[in-house]
Structures are given as structure tokens and as C-alpha cells.
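Residue numbers (my numbering): 387 to 890.
Even glycine gets a Cβ: it sits at the ideal position worked out from N, Cα and C.
Just below is one structure, and these are the notes that go with it.
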Amino acid sequence: MWVIIDRESNTPVYIQIFEQIRRQILSGELIPGFRLPAERKLADSLGVNRTTVLSAYRELKAEGLIGSRVGDGTIVLSYPDEELSVYNSSRQPEWNQIFSRYSNRFDSYLVKDLLKLASRTDVISFAIGIASPETGPLQALEGIERELVANRSYRALIHTPTEGFLSLRRTVCKLMQKRGVYCQPDEVMMLSGSQQGIDLAARIILDPGDIVVVEEPTYFPAIQVFRTAGARVIGVPIDDKGMKVDALEQLLHRYRPKLIYTIPTFQNPSGAELELERRKRILELASKYNVIILEDDAYGDLCYEGHLLPVIKSMDTDGYAIYLSTFSKNIYSGLRLGWMVAHKKIIKEFASAKQLIDLHSNSLSQWIVERFIENGSLEAHLVKACNEYRTRRDIMYEALSKYAPKDLIWNKPKGGYYIWCKLPDGVSSSKLVSKAAEYKVSFVPGSPFFASGHGDEYIRLNFTYAPIKDIDEGIRRLCAAMKELVIEKDKEDNYSITEINPIV
Ligand code: PMP
């Protein structure tokens, strides 16, 4: 094990120690069972305080990378840690009889795989859909924390109503006015992330066998939620103006679905923006076919040019639309705080279900976010974040122009987090995943985003997470991986022509 301290760096020393050891564990340099030096010994050899090493070890423990074993001191854990598990008997439960039908419907392609990938420090990640923590408004939160202690704001640390603090819901109403929605606090409920809103919609609106219409492609965890609820998910094709509403009407007519799930603004994964006429038409169709629209507006704040179109909810005078949004994309995803706006009848049902799941969303996050909005920090941060993300998008776009193989097609989204690419003919995104891993770069292949299972010719590239200095290099590596596959495919094609046509 080695650790080098850079005393000129702005990164706190304990973080430097933590990151270097973490990197060595994740890369396999430090194998499970390896005994880390005692805190005092490492502190002495690095010339730092013992508490500095203690803090670094604490971070490593929190990530489950190291643990303490009596007699052995601090050791690197295997991941998952079977060796140290207390469950090592052969008389474990009959697992296949234990889990419910609901759990049997879980899909194996889970967000947690992406989170694991993003934590690998040797890979440039364009896979995960989060902002890089450094672009977040950390400094602005400092004052808020101090205020909490100074003012003895105990209410931030006890229960809130299931729907969330009333004062925060009032604040959200003001936010919604900027999005053209004039709602009352009792038409708002705070959520533990907008993901919870999707899950609650599935519980409250769907029965097994019901049909949900989604964009094709769409945010794949939503497909998983609907399927796990036992629903059938049908995709409507999109173009650069979003969901094709003529195709939607045919599906509504034929299948009578219960729910339309749409991400009208800077869609995940395609970046598409649903045009105004189509937004209006979807509402008309919802009313005509008595179907609820779940409008997921996770990226609406992140617009890099031009004006935002009105959200569907702003035109909904009858109560057909449920609006979801989140503080994950514009503040920090770890706050786990989002919100919904809907007809009071819908809020009541959703609140009853939410109460059974988590009583209410995290009080402290609610308290912090309310202050963050009310003291003007959100508005100021959004200007900064949009500038930063616009630059990142442009760097990625330019890098693609520089390195792309012939026939790669990619877009320039007006906002959001992703560039959506169509691979050259015959190059499969699932094959590219492993080739790209050799080049130490990652992305999300297209097919999970397609309810039909198609889409292997697409890939999604996130431009907000990787360090800005790595974007050009990551795209260079990715394009090199693509070019290798194109060459392999050309070789295969030539080979098969000679096979079929021995005369040539
Ligand atoms: N909807 C969409 C379209 C998303 O992209 C995401 C996050 N990637 C979510 C919902 C979930 O976000 P949250 O962190 O608010 O649960």
C-alpha cells in the first residue's frame, strides 16, 4: 500500500488518503484480507495527525471497503464480504420459496450496477446520470447548517406531515408558478426523490395486467417499476419533437392503457423536447380516453439555450396530469427530495401509500432545501450550473466531431444531462460496452431504455458527471473502441462474402 500526500492541494488530507486507498482496493491492488497499517503508524509515516488517518479509515468503512476483525486490526473486505459473513451455515432458508411474486419480477439491469460502475476511479464514466459533486452548491449549504444549530431548529430533525412541511410546499408552489402552474399547497406532496413518485403512481393507478404507455426510448427504471407492478409496458416511438402523438392515439384506442408516462423536457435518454402542439394533444387524448398522464420533469431547470416550453401540467385544467420533479438534478441527488403536483384526490391516495412506505420524506433535507430556495441560492446556483453543463455538453459534442467514426450520429440537446448517439451500422452497443471497458470508459447501452427490447444500436452519454478535463479523453477512447468494432465487423463481412461466394 502506498499513500502520497500533496500538501499544496486544496483537497483535505484525509480525503487524499481515503481516495488513494480506495483506488487501490477497487483496482484489486489491495486484496481482501490485506491488513492496513494501524492508524498511529500510518499517521507517523505520513507526518499527519492520527485523527486525519482515522477520518480516512472511517470513510472507507462507510463504503464497506474495510472492516475491523478482532486480533487482525483493520483489513480490506472482500466485496461482497462472504468470508466474514455470519451466515455461513448450509441450513439457510429455501430462498426460492421465500420471496414474493413481486420480487421475482425485479429486473437484473439495475441502477445500482451503474452506481457501482461510477464509483470505479480508473474508468471515465459517461454512464451514470448524476451531476459531478464538485459542481454542486456545497458552500451555500454551509450557512444553512450553521443556522440550524444556532436557531435550535429542532423541527428539522423530527417528523413532518407525510405530504411534507407546509412552508416548503408553499415554496414549491412559488417554484411551480415559474413553470406556469398555479397550485395550492394541498395539491403538492414532497417525495423521497421523483423515483418515489413513479413507484407511487404504479401502486395507486395500476393493477396487474394493466397497460402503461411510455416513450420509446424512456427512463429505464420507470419501465422496471411498471413491470414490477405487473403492468404491460408499450412504447410509443419518438422523434426530435418527442412522442409521436398519432402513434399514441392508435395505442390508446387499441389498448385502453391506464397511464401515459412521459418526460417531455430534455428527455432521458434522448434529450428530445416534446413540441408544444404535441403537449396539448396528449392532454386532449388523456381526456378523450380517460387516462392519467405522469409528467416527469426531472431536467426542466437545466435549459442551455432558448426558452422552456410550458409543462403539460400548466395546461391541465381537469386534473389528468400528475407532475413530478426533483432536487436531485439541480442541487444534490443524495438529498433524496422531489415533489409532485396533482389533483387533491390524487395527492390523498398517494399520501396514504407513502405513509406506509416511509412516513414522510427526510425532514432535514426538506428544511435545507426550503432555506436554499428562500434565500435565493437555488436561482443563483441554476445560472452557474447551466453555464457549467452547457460547456460540458459542448466539449463532449466537439470531441465527438473530432473523433467519431464515420456514420456515428449524435445530437446536441438544448438541456438536460445526455447526448444520445446512434452507432454505425452493425456495431452493437452491448458489444461496445465490453470493448469500451478495455479502454476504461463507460456509457449506458440503448436497449434497457426500450420497452420493446430493441435499441441496441443506441448509446447514452452523460456529460455532467465525469471531470471536465476527462471528457475529451473519454470520448477519444470511446470512439477508438467503436472504430475497433467497425474494423472487426468489416473483416467479418468480407469473410462471409468469400464464404457464400467461393468464385470471387
Ligand atoms: N426521472 C428521470 C427521468 C430521471 O432521469 C431520474 C434520475 N435519473 C429520476 C426520475 C429519479 O430521480 P430522483 O433522484 O429524484 O429519484
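- For GLY621, the pairing in a beta bridge is given by DSSP as VAL600.
- Note that the C-beta distance between ALA587 and ILE708 is below 8 Å.
- Contact fails between the region 837-850 and the region 662-669, because fewer than three Cβ pairs, one in each stretch, are under 8 Å apart.
- According to the DSSP assignment, THR651 belongs to no alpha helix (DSSP H), since it is labelled neither H nor E.
- Note on geometry: alpha-carbon atoms of TYR540 and ILE530 lie some 14 Å from one another.
- In this structure, GLN581 has its beta carbon less than 7 Å from a heavy atom of the ligand PMP.
- Taking C-beta atoms under 8 Å as the contact rule, ASP682 and LEU645 fail to qualify, at a distance of about 12 Å.
- VAL574 and MET562 have their C-alpha atoms roughly 10 Å apart.
- The secondary-structure analysis by DSSP pairs VAL462 across a beta bridge with ILE452.
- Partner residues in the beta bridge of ARG421, as assigned by DSSP, are ILE461.
- Note on geometry: alpha-carbon atoms of ALA672 and MET629 lie some 14 Å from one another.
- Remark: the shortest separation between the CB of ASN748 and any heavy atom of the ligand PMP does not fall under 7 Å.
- Taking C-beta atoms as the reference points, VAL827 and ARG863 count as a pair closer than 8 Å.
- Straight-line spacing of the CA atoms in GLU659 and PRO650 works out to 6 Å.
- THR397 counts as exposed, since fewer than 16 other beta carbons sit within 10 angstroms of its beta carbon.
- Taking a cut-off of 8 Å on C-beta distances, the region 761-770 does not touch the region 605-614, as fewer than three cross pairs fall below it.
- Here the region 785-793 does not lie against the region 543-551, with fewer than 3 beta-carbon pairs under 8 Å apart.
- For LEU634, the CB contacts under 6 Å within the same chain, skipping 5 residues up- and downstream, are VAL622 in chain order.
- A heavy atom of the ligand PMP is found nearer than 7 Å to the CB of ASP682.
- At a threshold of 7 Å, SER719 counts as near the ligand PMP, since its beta carbon sits closer than that to one of the ligand's heavy atoms.
- Between TYR685 and TYR803, the C-beta spacing is below 8 Å.
- Of the residues VAL598, ILE732, LYS564, the one whose Cα lies closest to the Cα of SER700 is LYS564.
- Distance from LEU680 to TYR647 at the Cβ level is roughly 5 Å; contact confirmed, criterion being Cβ atoms closer than 8 Å.
- Closest in C-alpha terms to THR548, from the list LEU446, ILE733, SER814, LEU809, comes ILE733.
- Annotation: the continuous beta strand (DSSP E) that includes MET575 extends over 574-577.
- Contact between ILE854 and ILE781 holds: their C-beta atoms lie close to 7 Å from each other, under 8 Å.
- Going by DSSP, TYR709 is part of the beta strand (DSSP E) stretching over 707-712.
- Relative to the ligand PMP, THR712 has its C-beta within less than 7 Å of a heavy atom.
- At a threshold of 7 Å, ASN848 does not count as near the ligand PMP, since its beta carbon sits no closer than that to any of the ligand's heavy atoms.
- DSSP places GLU681 in the uninterrupted beta strand (DSSP E) bounded by 678-682.
- Take ALA766, set aside five residues on each side of it, and no residue of its chain has a beta-carbon closer than 6 Å to its own.
- With respect to the C-alpha of LYS800, the residue from ARG538, GLN581, ARG776, GLY860 having the closest C-alpha is ARG776.
- Counted as a single uninterrupted DSSP element, the stretch harbouring CYS689 is not any beta strand (DSSP E), since DSSP gives it neither H nor E.
- Rounded to the nearest angstrom, the gap between the Cα atoms of ASP572 and ASP702 is 17 Å.
- The C-alpha of SER714 is placed about 13 Å away from the C-alpha of THR521.
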